[in-house]
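Residue numbers (the working numbering), protein chains in the order written: chain A, 1 to 180; chain B, 181 to 651.
Set out below in structure tokens:
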């Protein structure tokens, strides 16, 4: 191989790789952002403004109880975090639909008098058989973790990063809606 | 039947230097472009993964191993497709590198490609089993049973291993050519069988994504090239040319010249020194295809090959009847005047390698006195086509040197013992070697020795041309 050919090949290959990297950067970043927002939202509600990768569906409570129904319509970010007292919140709240590259994720959270009693997955990543398998494996782990932690601030389930991110973000939206 | 008996190439009697350089430059540009494309295709297959945000999926050991598994699969498959293109008889590849070099590259990519695919399998099973916290065997079993098209991919892998193993030098020389060839054609099935699992089990090549479009275009392009240039074009050319055996002339012990006639052969754009892969349609021979070089310059209605009937069914070649139908693939090869870079010419032949040398001499570009033909033989009598060569040399003003004698035992040389002790070499035989293109055709080991001699005389690669016969 001549020097000119080798140089052009190296240059062209590096350019192609750089372009691939740049194209992929938003996808990689949104994953990081999703993880970050899901796990930091509880401490600063203002940070839970919807990241670009998530859908804009407004979280709404399916069975709002008296006193929290009005608050559920407005995003938590709009009001001061101290507006509602967490204690006494009761109901089942659907989280937002979070789009990931392996499919949508949505969970619903049941809260009984200020305690998270149940988190159920309404929809999990289903893009391909492998994603379904991963999600089915990760969901029970995430459920028990968030029930123990009583928040969306839990560890990433390794090998199921996208499911974890979507799960926790959708759950955080539900908690925000419940003014939890 | 047409009556176009003129030769398709004419010997030029003008000083050739100005014509040859631009041709060489064009060829090198094409070769560079093809090599760059080859490397870029590997880069693109990595970029497919990066473009999907793959760079972020290296944070945990399980993720990193899985990501590497995806990458090795992509690069390995890309190399397999490159290999298939190299063997697809693409005109551009033949023009830039010649069939010989292209096949040598094809051969050298075989093992790396297989290793990458095997790494793909091992890494993905390991990565998934780490993520799922199960044993490797449990993970492998669940992947085969639960993921779609995995059995098909596994079958493809089995075929691929079979193809590569039968192509290892040790195994290959113990197999009849036809058996090896049929096994080798299974590589098409192997690569096709791997496609469904890439599209259904993976999460990268998702229908409608840019990656998906690129990957399918790549597969389609390769499949289309193979179909057109390996199968359709040879059939169409054979049907058009309507080649039949015109006559068989005995040249020496078991060596015959086969004259073929056909129509409108000018359209093949065949050159002296090129070879075709021939198939003679007789009951005993039709299932075998043989590569043989032209031993005379092609004309508008005739071709001639000179062959040595070696073993198996090719022993039946001297008995070919007049009128036997002949189909062919070709012409192939860069062992032609088109590869020239220098004004003078040195042609070196041994054994049946004299065939392409004889046709080259007929039409190559050189001034009288600027060409030397070196014919190597065991004895002065056992060389083939020597009388034809002598007549051509006289007509075109080339010098003919017949060097007879056995090679000395235990010494790596292409010359007989007597010449070695007299310190004869290519340089002493041809004083103006540095301004010459050297064309070498003979048995593999012998050819290597001549090439070595030419290199040690300081001849650059672009001035050394050789073709090897054995498969």
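By construction, the Cβ of each residue, glycine as well, lies at the ideal position given by its N, Cα and C atoms.
With contact defined as three or more Cβ pairs closer than 8 Å, the segment 640-648 of chain B and the segment 600-620 of chain B are in contact. Residue 127(A) reaches chain B at 383 and 386, counting residues in chain order whose Cβ is nearer than 8 Å. Residue-level contact by beta carbon holds for residue 232(B) and chain A, with a gap shorter than 8 Å. For residue 250(B), no CB of chain A lies under 8 Å from its own CB, so it is not counted at the interface with that chain. Against chain B, a Cβ distance below 7 Å from residue 19(A) picks out 227. DSSP places residue 615(B) in no beta strand (DSSP E); its state is neither H nor E.
Just so you know, the alpha carbons of residue 489(B) and residue 297(B) end up roughly 41 Å apart. Contact check between the segment 300-314 of chain B and the segment 243-257 of chain B: three or more CB pairs, one atom from each, fall below 8 Å, which counts as touching. The three-state reading of DSSP puts residue 458(B) in strand, counting E and B together. Taking a Cβ-Cβ cut-off of 7 Å, the neighbours of residue 16(A) in chain B comprise 220, 223, 224 and 227, given in sequence order. Close to chain A, meaning a Cβ-Cβ distance shorter than 9 Å, is no residue of the segment 447-478 of chain B at all. Taking a beta-carbon distance threshold of 8 Å, residue 9(A) counts as an interface residue toward chain B. Residue 144(A) has a beta carbon lying at 8 Å or more from every beta carbon in chain B. In this structure, the beta-carbon distance from residue 223(B) to residue 16(A) falls below 8 Å. Across the set 482(B), 638(B), 487(B) and 627(B), the C-alpha of 627(B) shows the shortest separation from the C-alpha of residue 595(B).
Residue 461(B) places its beta carbon less than 8 Å from that of residue 504(B). Rounded to whole angstroms, the separation of the alpha carbons of residue 548(B) and residue 577(B) is 4 Å.
CA-to-CA, the gap between residue 288(B) and residue 450(B) works out to about 28 Å. Interface annotation for the segment 323-347 of chain B against chain A: 323, 326, 327 and 328, criterion Cβ-Cβ distance under 9 Å. With a threshold of 8 Å between beta carbons, residue 215(B) makes contact with chain A. Contact annotation for residue 23(A) against chain B: 231 [CB-CB distance below 7 Å, chain order]. Bounds of any alpha helix (DSSP H) do not take in residue 648(B); it lies within the beta strand (DSSP E) bounded by 644-648. By the CB criterion at 8 Å, residue 440(B) and residue 483(B) fall inside the cutoff. Contact with chain B is absent for residue 165(A), since none of that chain's Cβ atoms lies less than 8 Å from the residue's Cβ.
For residue 123(A), the enclosing beta strand (DSSP E) starts and ends at 115-123. Taking 8 Å as the threshold, the shortest C-beta distance from residue 93(A) to chain B does not fall below it. Just so you know, the alpha carbons of residue 562(B) and residue 614(B) end up roughly 31 Å apart. For residue 106(A), the beta-bridge partners assigned by DSSP are 123(A).
Not flagged as an interface residue toward chain A: residue 258(B), since no C-beta distance is shorter than 8 Å. Three or more beta-carbon pairs separated by less than 8 Å link the segment 121-141 of chain A to the segment 97-113 of chain A, which places the two stretches in contact. Collapsing the DSSP output to three states places residue 385(B) in coil. Secondary-structure assignment with DSSP links residue 99(A) through a beta bridge to 104(A).
Residues of chain A whose Cβ lies closer than 8 Å to the Cβ of residue 567(B) do not exist, since the nearest Cβ in that chain is about 42 Å away.
Inclusion of residue 436(B) and residue 428(B) in the CB contact set at 8 Å is warranted, their separation being smaller than that value. Each residue's CA atom was taken as its position, placing residue 229(B) and residue 162(A) some 16 Å apart.
About 6 Å separates the beta carbons of residue 485(B) and residue 474(B), which is inside the 8 Å limit, making them a contact pair.
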